[in-house]
Every structure is written in structure tokens, then in C-alpha cells.
Ligand code: ADP
Ligand code: ADP
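In the UniProt record's numbering, the protein residues as written are 15 to 236.
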């Protein structure tokens with residue numbers, strides 16, 4: 015099945031009721047999409063619907079071939095466990111080390127430290143944090159926090175990765191390296207959606223470009 019299917023989705027806030035008016039979006043399994051669009055267009059809002067932080071007020075939302083838009087609250091964690099999310103504001107836990115932040119989803123899934131510690135270290139090494147395993151987020155730069163947030167999102171091997179401006183705090187060289195990480199994960203079969211206003215990165219990515227404007231998504235398969 016397609017990883018994501020949105021049909022006629024509408025959503026807004028009290029002050030800005032029509033952020034998303036009629037969003038139709040299909041992300042086939044194994045696809046790689048970039049979502050661009052002007053600041054304030056609703057990219058983060060659309061990502062909040064995909065990660066089930068918000069529910070559509072109109073239309074349908076399917077994830078992994080199952081109805082997620084009207085699923086009961088109790089069903090949401092099972093959907094969320096199948097995705098890796100890179101939040102724009104990182105959402106790291108300041109009292110945990112970089113290693114423990116990155117390992118948290120694995121620990122919460124009940125896995126034993128022995129079974130994942132090498133993978134977590136390898137991933138942190140890959141994003142250039144190999145020497146910062148014991149550092150806590152307040153001691154990391156913005157770019158380092160961003161890379162830690164990416165490591166945490168991908169280390170579980172999710173079927174879907176959703177990332178909000180994942181290269182917004184890193185320099186161009188690290189941006190390319192992170193893009194390569196997403197490309198590699200996509201080649202291994204992971205469905206990826208990256209929201210970014212960096213159109214040049216989007217173009218170099220080889221991903222399908224989607225554009226959110228006036229409450230609608232254009233480009234792509236839907
Ligand atoms: P983008 O990510 O494309 O910059 P957003 O999804 O952050 O756009 O914002 C879309 C619109 O919704 C903007 O007008 C923004 O001010 C508004 N908005 C975003 N989040 C909230 C919120 N929590 N409450 C009220 N309005 C919001
Ligand atoms: P980046 O380009 O990755 O954002 P910076 O140039 O901001 O990195 O930071 C360079 C170095 O300074 C990093 O190794 C980081 O660990 C350290 N650093 C940045 N901010 C802080 C801080 N608030 N406390 C301690 N070290 C910091």
C-alpha cells in the first residue's frame with residue numbers, strides 16, 4: 015500500500031482557519047518527496063497531521079494502508095512507532111546524554127541496550143557526533159542538536175521519515191551529508207518526506223518536489 019494517502023484534507027486554527035483547504039497527497043512506499051512553499055504556507059501544519067499531532071477536520075488520512083484520520087486515540091501510538099520524526103525545534107531531552115536521546119525510542123520499545131548500543135553509536139558517528147556521546151543538549155550547538163534529532167528519528171529503522179527543515183541549522187557541507195543519509199535510507203526502502211524552504215537542496219536531492227500554496231499541494235502523484 016501507499017505509505018501516505020491524504021484526500022481532500024482540511025485543517026486550520028482559530029485565527030487562521032484555512033491553512034489547509036483541500037490537500038490531496040500520495041506518498042507511495044519507498045518514495046522520496048520534498049515539500050516546499052513559502053513561509054507560513056502550512057508545511058509544518060501538514061507535517062503535524064502526518065505525525066498525528068493534529069487531526070484533519072475534513073477529508074481522509076491513511077497511513078500504511080490504514081485509516082489514521084479517524085482512528086481512536088488508543089491506536090495512534092502504533093502508527094507513530096512506524097515513523098521517524100525530525101521536529102523543527104528538535105524536542106531533545108536536556109537531562110539525557112546525546113547517546114540516551116538517540117537511543118530513547120529503542121529503549122521505550124523495550125529493546126535491550128546490548129542489542130542497540132552499537133547501532134546508536136554508529137549513527138551518531140555518521141552524523142558527526144561520535145565524540146559527543148556523553149554531551150547533553152544544552153552543551154551542543156544548534157547544528158549538533160539538529161543532527162542528534164535526525165539520528166534519533168532514523169535509528170529505529172522506521173518505514174516513514176518525516177522531517178521539518180532538517181538542514182536549517184547546519185552548514186552547506188553538513189547539509190549535503192544529511193541529504194546523503196536520507197538518500198541512502200530511501201534507497202533501502204524508507205518513504206521520506208522533507209519539508210524545507212531550501213529549494214536548491216530540494217532540487218539537488220533527486221526527490222519529487224511538492225509545493226504547498228494556498229492550502230493545496232501541487233506536484234507529485236496525487
Ligand atoms: P510553514 O511551516 O509553511 O511556515 P505553518 O504550518 O507553520 O507554515 O503555519 C501556517 C499558518 O498557520 C501560519 O499562518 C501560522 O501563523 C499558523 N499557525 C501555525 N501554527 C499555529 C498554531 N499553533 N496556532 C495558531 N496558528 C498557527
Ligand atoms: P554548528 O556549526 O554545528 O552549529 P557551532 O559553530 O555553533 O556549530 O559550534 C561549534 C562548537 O561549539 C561545537 O562543537 C559545540 O559543541 C560548541 N558549542 C556551541 N554552543 C555551545 C554551548 N552553548 N555550550 C557549550 N558548547 C557549545
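Quick reminder that beta carbons are idealized off the backbone N, C-alpha and C, glycines included.
For residue 234, which of helix, strand or coil comes out of DSSP? Correct three-state label for residue 234: coil.
Would DSSP call residue 182 helix, strand or coil? Reduced to three states, the DSSP call for residue 182 is coil.
Could you tell me the boundaries of the alpha helix (DSSP H) in which residue 135 lies? Start and end: 127-140.
When DSSP builds the beta bridges, which residues end up paired with residue 74? According to DSSP, residue 74 bridges with 21.
In chain order, what residues have a CB nearer than 5 Å to some heavy atom of ligand 1? One residue after another in chain order, those with a Cβ under 5 Å from a heavy atom of ligand 1 are 27, 30, 33, 53, 54, 55, 56, 57, 58 and 59.
Count the other CB atoms within 10 Å of the CB of residue 96; is the residue buried (16 or more) or exposed (fewer)? That one is exposed.
Span separating the alpha-carbon of residue 230 from that of residue 135: So the two alpha carbons sit approximately 40 Å from each other.
With a threshold of 6 Å on Cβ separation, who are the neighbours of residue 151 within its own chain once the five nearest residues in sequence on each side are excluded? For residue 151, same chain residues with a beta-carbon under 6 Å away, outside a window of 5 residues either side, are 106, 108 and 159 in chain order.
Start and end residues, beta strand (DSSP E) containing residue 108: For residue 108, no beta strand (DSSP E) run applies, since DSSP gives it neither H nor E.
Please say whether residue 195 and residue 49 have beta carbons closer to each other than 9 Å? No; because the gap between Cβ atoms is not below 9 Å, this pair is not in contact.
Selected residue, minimal CA-CA separation from residue 28, among 71, 91, 37 and 234: If you compare the alpha carbons of 71, 91, 37 and 234 with that of residue 28, the shortest gap goes to 71.
If I measure Cβ to Cβ from residue 104 and keep anything under 6 Å in the same chain, skipping five residues before and after, which residues do I get? Cβ neighbours of residue 104 beyond the five flanking positions: 159 and 163.
May I ask which residues mark the beginning and end of the alpha helix (DSSP H) holding residue 168? Looking at the DSSP string, the run of the alpha helix (DSSP H) that includes residue 168 is 156-168.
Contact check, residue 77 vs residue 93 under 8 Å by CB: the rounded distance? With 8 Å as the limit, residue 77 and residue 93 qualify as a contact, their Cβ atoms being about 5 Å apart.
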